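Undergrad:
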Amino acid sequence: MKKKNLFEMALILVAISFFSCNNVLAKSIPADENPTLLVSRIFSESVNDTMSISVSLPASYYESDTKTYPVVYILDGNLYFDIFRSMVNVYTQTGWPLEVILVGIGYKNIPELAMLRSRDYTYPVADERYGLNMSGGGDKFLTFLNKELLPDLDKKYRTDKSNRVLFGHSLSAYFVEYAFTENLKNNDEVFQNYIAASPMLNYNKYYLLNAMENLGQVNPALLSKTSIFTTFGEMENESPDPEMEKVELTVAKLEKLFTQNKFNGLRNRSIVYSNLGHMETAIPTLMQGIIWVFTK
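For the sequence shown, my numbering assigns the number 302 to the last residue and increments by one with no breaks.
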C-alpha cells in the first residue's frame, strides 16, 4: 500500500483553517484608474495548463514613468501572496525602504493547488513510496517561468530584470532549489536570488543535493550575481519519514557543497530556526530572506 502524502494533507488543512473559502486569486481586479493589485490568468504552452497570476505594485509605482522595481515571485500563490502583500505594505508604511513588485503564481483555487503543485514543483518523477498521482513536471514549469511568464510581465511592468527573487515553501521550495540548480547548469541568469523555506530536499533520496554535487564548473560571472537563502525548522527533525536526515546535517551538506571551487562567488546562507516546525517557516523566511538578498 502506498504511503499517504502527509504534507499534501497538512497543506489542505492549513488552507481550510486560515483561508476558509476566501481566495485572493478569485478577487476582481480593482476598478481604480491606477490599480496596485492586478489578477489575471495565463495559459502556459509549456505546462499545458492555465495559471492564476496576481501582481502587487508598490504604492509609488505610478509616480514615475522610468523607475524600475525588483520583483519577488511567490510560488503557492493561493496560500502566500495575500499574506506577504499585506506584510510588505505594512513594512513599507512604517519606513521599510525596499519597494518591490510582488507576483503570486497559483492555480484556480485551493483544491487545484493541492492537486497540481506536486505535478509542477517536482523533478524527476516521484518514487512510488510518495503516493503522488502527478509528479516530475518541474522542467516544464521552469520553462513556463523563464520563457513565458517573466518575459510577459517584463513587457507589462517596469521590472528590474537584474533583481528578481524566486520564493517557495516546502515542495515549492524544492522547486526553488531545482530552479537554482538548472539555471546554473544552463548558464541562465533569469533569477538572481532564490529563497527556499523548508525545501523537501529528501525528495527522491536527496536527488537535488546529488545534482548540485554533480554540476560541472559554473560560470563565475553568473555566480557573482547569484544569492540563495535556505531555511529549515528545528522541529522538522520530528518527521516520521525514516529516510529524512536531521535538518542540521542537510544544512551542513549545503554549506560544504557551496564551499567547493565550482561555486566560488556564490552568496549563500542556510539556517535552522529554533522551535519552528515545517509549516511555520514560510513567513519568517521570506521576510528575512528578502532583506538578506537585497542587502549585499
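All C-beta atoms in this analysis are idealised placements derived from N, C-alpha and C, irrespective of residue type, glycine included. Small disclaimer: the values here were computed from a predicted structure and weren't measured.
Got a sec? Which residues, its chain only, sit under 7 Å from residue 286 by beta carbon, not counting five neighbours each side?
TA: 239
Undergrad: For the structure I just gave you, are there three or more beta carbon pairs, one from the segment 185-204 and one from the segment 83-99, closer than 8 Å?
TA: Contact between the segment 185-204 and the segment 83-99 is not established, with fewer than three Cβ pairs separated by less than 8 Å.
Undergrad: Give me, in chain order, the residues of the same chain whose beta-carbon lies closer than 6 Å to that of residue 152; leave out the 5 immediate sequence neighbours on both sides.
TA: 196
Undergrad: Throw me the rounded Cβ distance for the residue 232 and residue 198 pair, which I believe falls under 8 Å.
TA: 6 Å
Undergrad: Which runs of the alpha helix (DSSP H), 4 residues or longer, sit entirely within the segment 204-276?
TA: Listed in chain order, they are 213-219, 226-229 and 253-264.
Undergrad: In whole angstroms, what is the alpha-carbon distance linking residue 19 and residue 296?
TA: Note that residue 19 scores a pLDDT of 38, beneath 50, so its modelled location is shaky; the value from the coordinates is reported in the next line. Near 27 Å, if we compare the C-alpha coordinates of residue 296 and residue 19.
Undergrad: Rounded to whole angstroms, how far is the Cβ of residue 185 from the Cβ of residue 172, which I believe are closer than 8 Å?
TA: The C-beta distance from residue 185 to residue 172 rounds to 6 Å, short enough to meet the 8 Å contact threshold.
Undergrad: Closest by CA to residue 229, which one among 73, 45, 219 and 269?
TA: Nearest option by C-alpha distance: 269.
Undergrad: Please determine if the segment 128-138 and the segment 42-50 are in contact, where contact requires at least 3 C-beta pairs separated by less than 8 Å.
TA: No, the segment 128-138 is not in contact with the segment 42-50.
Undergrad: My parser needs the beta strand (DSSP E) runs of 3 or more residues fully inside the segment 72-159; what are they?
TA: 75-80 and 107-112
Undergrad: Is residue 189 helix, strand or coil by DSSP?
TA: Residue 189 carries a helical assignment under DSSP once its states are collapsed to helix, strand and coil.
Undergrad: Classify residue 181 as helix, strand or coil using the three-state DSSP reduction.
TA: Taken through DSSP and simplified to helix, strand or coil, residue 181 comes out as helix.
Undergrad: What is the rounded straight-line gap between the Cα of residue 143 and the Cα of residue 64?
TA: So the two alpha carbons sit approximately 33 Å from each other.
Undergrad: Identify, in the order they occur along the chain, each residue of the same chain with its Cβ nearer than 6 Å to the Cβ of residue 79, setting aside the five sequence neighbours on each side.
TA: 109 and 172
Undergrad: Considering only DSSP beta bridges, list what residue 168 is partnered with.
TA: Bridge partners of residue 168: none, in fact.
Undergrad: Determine the contact status of residue 201 and residue 292, defining contact as a CB-CB distance below 8 Å.
TA: yes
Undergrad: Can you list, in chain order, the residues of its chain with a C-beta nearer than 7 Å to that of residue 280? Leave out the 5 residues immediately preceding and following it.
TA: 240
Undergrad: For residue 68, count the other beta carbons within 10 Å of its own beta carbon; 16 or more makes it buried, fewer makes it exposed. Which is it?
TA: exposed
Undergrad: Kindly give me the distance between the Cβ atoms of residue 224 and residue 146, rounded to whole angstroms, as I take these residues to be in contact under 8 Å.
TA: That pair is no contact at about 23 Å.
Undergrad: Rounded to whole angstroms, what's the CA-CA distance from residue 75 to residue 86? Just pull it up for me.
TA: 20 Å
Undergrad: Using the rule of at least 16 other Cβ atoms within 10 Å of the residue's Cβ for burial, across every protein chain shown, is residue 288 buried or exposed?
TA: buried
Undergrad: Taking the alpha-carbon of residue 107 as reference, which of 72, 250, 254 and 60 has the nearest alpha-carbon?
TA: 60
Undergrad: What are the start and end residues of the beta strand (DSSP E) that includes residue 44?
TA: 43-50
Undergrad: On the three-state DSSP scale, how would you describe residue 290?
TA: helix
Undergrad: For the beta strand (DSSP E) containing residue 57, name the first residue and the last one.
TA: 55-62
Undergrad: Measuring alpha carbon to alpha carbon, tell me which residue in 276, 267, 71 and 252 is nearest residue 261.
TA: 276
Undergrad: Where DSSP assigns a beta bridge to residue 202, which residues make up the other side?
TA: 174 and 236
Undergrad: CA-CA distance, residue 161 and residue 83?
TA: Straight through space, the alpha carbons of residue 83 and residue 161 are spaced by roughly 21 Å.
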